[in-house]
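Numbering (this note's numbering), first residue to last: 50 to 336. Here the structure is laid out as structure tokens; the discussion comes afterwards.
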Ligand SMILES: C[S@@+](CC[C@H](N)C(=O)[O-])C[C@H]1O[C@@H](n2cnc3c(N)ncnc32)[C@H](O)[C@@H]1O
């Protein structure tokens, strides 16, 4: 399905009731760019964490369908009555390219189950080509979400963060009800930016960082496996060198200890003491 079609179908959705005012929580250019990104990179397996009404998930599912097939998992902890991913799936006819995953405990529990399912012999087989994260906007939740997604992204896969520059204070009209118990620091810190700057950009397996849409969206790509194994090789090489140096150090220390306990060393020490007593220059002083 091309972008014009999915966009037109989403726009024609009639919200039953007074809330929400709109199903579009991202500006049109950002939604169009996400579609274009999935289409141009020929991505097939996607995930949205914090899918809300399901608008962006439907757009990504349409792009995946246009790429020839795959799936987008739309994950949230709740289903809104008047508009939700199931309703938009039916309305837009994106079909089973969209899969809805509602986990009341939150997406990190969904991801934990998925990692467990994908794990054999302590190795997690990655499944996603891309992930769009637009959920809690909180350091602890989304820091963990990134760590979990990193395991599930295929080498070369992408993660996109919405709302890098977003703070919880004032984010919704009733923000006090939902976030009023938080500290000023939590309310006023752009926590998604914290995740992006402190975890994503410093993660050895991620590269190709870009911030777009006026500082709103952050992009990163998981390195190809050959690049990851090159980095792993370097780390292993450094670890080997450290182990060798430690072994060498232990050997030298043992040798010094043995020398110090030898008859020769004791004789040398006595001789030095004697020289000192007689006020003769010691070897150390002559040097
Ligand atoms: C800004 S809305 C998402 C908008 C949506 N991404 C879009 O593009 O239309 C944030 C959503 O994240 C969900 N959310 C927040 N924390 C979550 C968590 N820990 N687990 C699952 N969903 C979460 C909320 O329920 C809400 O629906």
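Beta carbons are placed, not taken as given, at the ideal position from N, Cα and C, and that holds for glycine.
Compare the beta carbon distance of residue i and residue j with 8 Å and say whether it is the shorter of the two.
| i | j | result |
| --- | --- | --- |
| residue 194 | residue 182 | yes |
| residue 158 | residue 207 | no |
| residue 191 | residue 244 | yes |
| residue 98 | residue 156 | yes |
| residue 186 | residue 58 | no |
| residue 66 | residue 93 | no |
| residue 132 | residue 50 | no |
Compute every distance between the C-beta of residue i and the non-hydrogen atoms of ligand 1, then say whether any falls below 7 Å.
| i | result |
| --- | --- |
| residue 124 | yes |
| residue 183 | yes |
| residue 127 | yes |
| residue 100 | yes |
| residue 156 | yes |
| residue 75 | yes |
| residue 130 | no |
| residue 104 | yes |
| residue 292 | no |
| residue 189 | no |
Beta-carbon within less than 7 Å of residue i's beta-carbon, same chain only, minus the 5 sequence neighbours each way: which residues are those?
| i | result |
| --- | --- |
| residue 88 | 112, 115 and 116 |
| residue 336 | Annotation note: pLDDT 44 at residue 336 (below 50); position unreliable, no value reported. |
| residue 128 | 151 |
| residue 308 | 314 |
Assuming residue i contacts residue j under a Cβ cut-off of 8 Å, what Cβ separation, rounded to an integer in Å, is found between them?
| i | j | result |
| --- | --- | --- |
| residue 102 | residue 81 | Actually they are not in contact, since the Cβ atoms of residue 102 and residue 81 sit about 18 Å apart, beyond 8 Å. |
| residue 251 | residue 201 | About 20 Å; that fails the 8 Å criterion. |
| residue 64 | residue 107 | With a Cβ gap of about 15 Å, residue 64 and residue 107 do not count as contacting. |
How is residue i classed by DSSP in three states: helix, strand or coil?
| i | result |
| --- | --- |
| residue 273 | coil |
| residue 284 | helix |
| residue 170 | coil |
| residue 121 | strand |
| residue 266 | strand |
| residue 60 | helix |
| residue 149 | strand |
| residue 191 | helix |
| residue 182 | strand |
| residue 209 | strand |
| residue 238 | coil |
Leaving out the 5 sequence neighbours to the left and right, which residues in its chain are closer than 6 Å to residue i when beta-carbon positions are compared?
| i | result |
| --- | --- |
| residue 122 | 96, 148 and 150 |
| residue 272 | 254 and 256 |
Can you list, in chain order, the residues of its chain whose CB lies under 8 Å from that of residue i, leaving out five sequence neighbours each side?
| i | result |
| --- | --- |
| residue 154 | 126 |
| residue 319 | none |
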